[in-house]
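Numbering that gives the first Met the number 0 applies: residue 0 is where the sequence shown begins, and numbers increase by one.
We put the CB at the ideal spot given by N, CA and C, even for glycine.
Below: one structure, written as structure tokens.
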Amino acid sequence: MTKEQYKKYDKIQEELRPVKWFLNWCGDRYKDKSVSKYRFRIITKAKQFFLYKDIYFARDKEIEIPKDLQKRIVEVIEQWVDEKEQELKNI
């Protein structure tokens, strides 16, 4: 691995680390078997998305969502809205 590739790899790992930690609590695929499932919220602050979990025994935790993931979330929501609007037209 070249130095440039290593830097890119390290940057991606740093982006993934907090999101995978979050999914350890709230996801399905990366969830630890010893952890029960907790609810979460997606919150926005100044056009930034954050994943937020609230656990009574741990301090609240906000995870900033990377820009490319934010874009995908918005696209999925837009697709869902399009599907619902199509359902309305079909009624």
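| Check | Outcome |
| --- | --- |
| From the DSSP output, in three-state form, read off residue 16 for me. | helix |
| At which residues does the alpha helix (DSSP H) containing residue 83 begin and terminate? | 66-89 |
| Grouping DSSP H, G and I as helix and E and B as strand, with all else coil, what is residue 44? | strand |
| What residues match up with residue 11 in a beta bridge as DSSP calls it? | Looking at the DSSP assignment, residue 11 forms no beta bridge with any residue, so it has no partner. |
| Assuming residue 50 contacts residue 64 under a Cβ cut-off of 8 Å, what Cβ separation, rounded to an integer in Å, is found between them? | 6 Å |
| Quick one: Cα of residue 15 to Cα of residue 7, how far? | 12 Å |
| Please name the residue in 4, 61 and 46 whose C-alpha comes closest to that of residue 40. | 61 |
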